[in-house]
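One structure below.
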Amino acid sequence: MENIRNFSIIAHIDHGKSTLADRLIQLTGVCDARTFKDQILDNMDIERERGITIKSQAISLPYQARDGKNYTLNLIDTPGHVDFSYEVSRSLASCEGVLLLIDAAQGVQAQTLANLYLALEHNLEIIPVINKIDLPSADVERVIEQIDAELGLDPDAHLKCSAKDGTGIVEILEAIVERIPVPTGDPDSPLAALIFDAHYDSFRGTVIHCRVFDGTVKAGDSIRFMFNDSVYRVEEVGRFGLSRERRDRLSSGEVGYIIAGVKTVSSVSIGDTITLEDRPCGRPLPGFKEVKPVVFASIYPIASDDYEDLAEAVEKYKLNDSAFIYEKDSSVALGQGFRCGFLGLLHLDIVQERLEREYDLNIILSVPSVRYRFMLKDGTELYVDNPAHYPGPMTIDSSEEPYIRASMMMPDRYLGPVMSLCLEKRGVNSNMHYTSPGRVDLTYEMPLAEVIFDFYDRFKSMTQGYGSFDYDLIDYRESNLVLLDILVNGEKVDALSQIVHRDRARNRGVQACDRLKEEIPRQMYKIAIQGAIGGEIISRSTISAFRKDVTAKCYGGDITRKRKLLEKQKKGKKRMKMVGSVSIPQSAFLAVLKSDTDS
29 MENIRNFSII
39 AHIDHGKSTL
49 ADRLIQLTGV
59 CDARTFKDQI
69 LDNMDIERER
79 GITIKSQAIS
89 LPYQARDGKN
99 YTLNLIDTPG
109 HVDFSYEVSR
119 SLASCEGVLL
129 LIDAAQGVQA
139 QTLANLYLAL
149 EHNLEIIPVI
159 NKIDLPSADV
169 ERVIEQIDAE
179 LGLDPDAHLK
189 CSAKDGTGIV
199 EILEAIVERI
209 PVPTGDPDSP
219 LAALIFDAHY
229 DSFRGTVIHC
239 RVFDGTVKAG
249 DSIRFMFNDS
259 VYRVEEVGRF
269 GLSRERRDRL
279 SSGEVGYIIA
289 GVKTVSSVSI
299 GDTITLEDRP
309 CGRPLPGFKE
319 VKPVVFASIY
329 PIASDDYEDL
339 AEAVEKYKLN
349 DSAFIYEKDS
359 SVALGQGFRC
369 GFLGLLHLDI
379 VQERLEREYD
389 LNIILSVPSV
399 RYRFMLKDGT
409 ELYVDNPAHY
419 PGPMTIDSSE
429 EPYIRASMMM
439 PDRYLGPVMS
449 LCLEKRGVNS
459 NMHYTSPGRV
469 DLTYEMPLAE
479 VIFDFYDRFK
489 SMTQGYGSFD
499 YDLIDYRESN
509 LVLLDILVNG
519 EKVDALSQIV
529 HRDRARNRGV
539 QACDRLKEEI
549 PRQMYKIAIQ
559 GAIGGEIISR
569 STISAFRKDV
579 TAKCYGGDIT
589 RKRKLLEKQK
599 KGKKRMKMVG
609 SVSIPQSAFL
619 AVLKSDTDS
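Residue numbers for the sequence shown follow the working numbering, so the first one is 29 and each next one is one higher.
Written out as structure tokens, the structure is:
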């Protein structure tokens with residue numbers, strides 16, 4: 029244990045975590061030049077394409093320090109985006125120290141602070157590292173001031189590096205060995221290991237990623253999961269290199285994997301404690317805070333025959349992403365599906381893309397919504413995240429929606445447009461202070477429902493990518509909420525219903541009707557598309573009918589002959605409209621989901 033160090037790299041998005049991990053892997057000789065590729069720990073195609081880390085990954089690095097001793101450095105690379113901060117908290121529970129990476133050009137950002145507080149909660153040793161010192165726009169002196177003033181860390185304890193060209197990487201490795209504490213634990217105590225991640229292997233079943241705090245585990249042991257009391261026999265244990273490396277045993281202080289023939293995905297709970305069946309530990313290790321989803325949407329298969337495949341895919345996906353929650357749902361328009369909870373819109377986007385790619389599914393998403401709270405006249409409190417469960421308007425005493433505190437950091441030249449955007453999104457109680465010359469920290473309280481549509485995209489565009497956005501939920505506040513229904517040919521389409529603020533209802537209704545008008549094919553009769561609140565129609569678009577020229581044979585003569593033929597045609601179309609049903613193409617549902625600013 030003296031020669032083991034467990035550490036994590038945390039930072040704001042795009043400050044160079046994955047690049048630094050690449051350099052550490054190269055320098056410690058885990059990977060030769062022939063097999064090396066950028067973002068080597070990001071093994072999903074979607075991570076490489078977007079240039080972001082979604083899943084935290086563990087790897088063991090062998091390192092010979094200047095004192096001549098050989099060390100094992102267990103690195104856990106983490107995501108930087110606010111939607112994946114739960115991955116960061118899980119990684120930190122398995123470490124004794126962190127490298128807090130700060131971009132020399134951008135300085136301290138919103139997620140830098142958020143991740144620092146996560147590390148302080150776990151009482152970890154924090155090593156500030158200033159990255160990208162090779163950039164022409166790097167301002168190292170300003171960043172050192174921010175480390176002192178904004179982070180409250182010792183500015184003299186910082187390290188400088190350029191992960192891109194490899195400058196200062198040896199100093200970082202030495203600092204890990206010298207400054208990160210030795211793991212504590214007793215190899216002779218009863219086994220206590222914390223599950224911090226897991227993934228599904230179609231040949232071996234569930235592969236459990238764990239950190240051993242006390243005791244030892246080896247192949248042949250009978251282990252017990254303390255959360256659900258199930259018992260399994262260990263088939264294999266090992267450490268993480270670029271691939272799994274089999275070992276005889278995992279002892280206290282080590283990070284590794286356990287394969288124990290766990291067949292079902294739902295048997296493993298992230299944050300659970302593993303112990304031996306015949307010699308259990310006294311109490312479970314403190315797990316992770318239960319993550320609470322904030323954005324909800326329903327997922328349906330495009331072809332109803334694919335429902336079984338979707339059910340299997342969702343169950344397997346859940347193991348790799350413990351923040352994803354789901355339950356069965358059904359819709360008159362779209363059939364059987366699942367109501368799912370996500371941590372934010374990027375999380376929703378990633379889940380949709382991974383389900384389509386990794387499980388070869390064609391799926392459709394309903395309109396994203398948040399969880400509203402209704403006080404009913406009989407005194408009961410009702411939480412609603414699905415418009416289908418909206419209570420009757422006569423039973424509602426008051427309605428509330430979740431508010432967030434949004435923290436935005438940006439160069440001050442973008443302040444005007446961003447403040448206008450926040451006011452447009454019903455932002456209140458603004459607060460502003462200058463963190464350094466030319467940089468401003470802007471705080472607004474605003475409804476979460478306004479943020480989940482297109483706020484982030486517009487914010488990034490306005491600040492030309494220099495702005496950073498972070499938010500946390502604060503409370504529920506009273507709001508005038510209504511249910512907006514979309515009617516096609518007089519019939520309600522349940523998958524397009526939305527709960528909206530009354531002031532926004534007309535705009536949303538007009539937008540939905542106009543989008544549907546472009547997507548629904550014309551029929552032999554006129555189709556009305558309407559937005560309604562209760563019995564009140566607030567918006568309408570009409571798709572005109574195909575029409576045969578029945579008066580073509582009338583050349584000249586009395587006008588009444590033409591009118592008679594047109595009236596006869598009108599009656600036929602009216603009769604057709606009464607019995608005809610309009611089939612809505614899948615593209616129409618997707619069109620309504622697009623934000624106001626999408627072309």
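Where a beta carbon is used, it is the ideal one built from N, C-alpha and C, also for glycine.
Rounded straight-line distance, which links the Cα of residue j to that of residue i
i, j, result
"Ser525", "Asp531", "16 angstroms"
"Asp624", "Ala533", "Note that Asp624 has pLDDT 49, beneath the 50 cutoff, so the model's placement of it is unreliable and the number below is only indicative. Near 13 angstroms, if we compare the C-alpha coordinates of Ala533 and Asp624."
"Arg232", "Glu263", "10 angstroms"
"Ile502", "Gly57", "47 angstroms"
"Leu103", "Asn34", "6 angstroms"
"Leu179", "Asp276", "43 angstroms"
"Ala147", "Leu373", "25 angstroms"
"Asp406", "Met422", "11 angstroms"
"Asp229", "Ile236", "10 angstroms"
"Asp162", "Gly196", "11 angstroms"
"Ile38", "Leu127", "6 angstroms"
"Tyr91", "Ala221", "25 angstroms"
For residue i, three-class secondary structure by DSSP
i, result
"Thr423", "helix"
"Leu362", "coil"
"Thr625", "Caution is warranted here: a pLDDT of 46 is assigned to Thr625, below 50, making its placement in the model unreliable, and no coordinate value can be reported."
"Glu199", "helix"
"Thr56", "coil"
"Ala86", "strand"
"Tyr328", "strand"
"Cys123", "coil"
"His417", "helix"
"Asn508", "coil"
"Gly559", "strand"
"Ser117", "helix"
"Gln526", "strand"
"Pro218", "coil"
"Lys97", "coil"
Among the options, nearest to residue i - alpha-carbon criterion
i, options, result
"Phe324", "Glu30, Cys368, Ala331, Ser464", "Cys368"
"Asp333", "Val322, Arg311, Leu362", "Leu362"
"Arg274", "Asp485, Val245, Arg382, Glu381", "Val245"
"Ala203", "His417, Ser489, Ala93, Pro211", "Ala93"
"Asp95", "Leu148, Asp176, Val116, Val205", "Val205"
"Phe241", "Ala121, Arg272, Ala133, Glu478", "Ala121"
"Glu547", "Val516, His529, Asn535, Arg536", "Val516"
"Ser507", "Met552, Ile527, Glu429", "Glu429"
"Ser175", "Ser279, Arg51, Ile200, Gln134", "As written in the sequence, residue 175 is Ile, which differs from the Ser given in the question. Of the listed residues, the one whose Cα sits closest to Ile175 is Gln134."
"Lys291", "Ser271, Pro314, Val259, Thr303", "Val259"
Exposure label - residue i; buried when at least 16 CB within 10 Å
i, result
"Asn159", "buried"
"Ser627", "A caution first: Ser627 carries a pLDDT of 39, below 50, which makes its placement in the model too unreliable to give a value."
"Lys45", "buried"
"His43", "buried"
"Gly284", "buried"
"Thr426", "Contrary to the premise, residue 426 reads as Ser rather than Thr in this sequence. Its Cβ having fewer than 16 others within 10 Å, Ser426 is exposed."
"Lys97", "exposed"
"Asp498", "buried"
"Lys599", "exposed"
"Arg118", "buried"
"Arg307", "exposed"
"Lys596", "exposed"
"Leu219", "buried"
"Lys590", "exposed"
"Lys576", "exposed"
"Asn151", "exposed"
"Gly310", "exposed"
"Val395", "buried"
Same chain, Cβ closer than 7 angstroms to residue i, neighbours up to 5 away in sequence not counted
i, result
"Gly466", "Pro439, Asp440"
"Thr491", "Met438, Tyr442, Val446"
"Ile424", "Phe402, Leu404"
8 angstroms Cβ shell around residue i - same chain, five flanking residues per side excluded
i, result
"Glu384", "Asn390, Ile391"
"Lys380", "For clarity, residue 380 is Gln in the given sequence; the question names Lys instead. The residues are Ile327, Ile391, Leu393."
Closer than 8 angstroms: residue i CB and nearest the ligand COA heavy atom
i, result
"Thr106", "The ligand COA is not part of the structure shown, which contains no ligands of any sort."
CB contact below 9 angstroms: residue i versus chain B
i, result
"Ala331", "Structure shown: chain B not included; a single protein chain is present."
6 angstroms CB neighbourhood of residue i in its chain, flanking five on each side removed
i, result
"Thr463", "Asp469"
"Pro312", "Met254, Thr301"
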